[in-house]
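In full-length UniProt numbering, the protein residues as written are 1 to 67.
Shown next as structure tokens:
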């Protein structure tokens, strides 16, 4: 990522990458998105991660339905 992300946002993104369970990944990605500064240079980063988040939420919902 090449935008002006603060150290907290970078930290949360690393925690998201290191997370093992889907629930933790969702939580960390939500925290990351909330910490990303909103400006033109980060629009693509936010959009990509929001779509990633939506995909993980659908996956979690389908896992819960199967159980």
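Using N, Cα and C, we set each Cβ at its ideal position, and we do this for glycine too.
| query | result |
| --- | --- |
| According to DSSP, is residue 7 helix, strand or coil? | helix |
| According to DSSP, simplified to helix, strand and coil, what is residue 67? | coil |
| Just mark residue 47 as buried or exposed, buried being the case when its beta carbon has 16 or more other beta carbons within 10 Å. | exposed |
| Going along the chain, which residues of its own chain have a beta-carbon closer than 8 Å to the beta-carbon of residue 57, five neighbours each way excluded? | 26 |
| For the candidate residues 39, 28, 54 and 3, whose alpha-carbon lies nearest to that of residue 16? | 28 |
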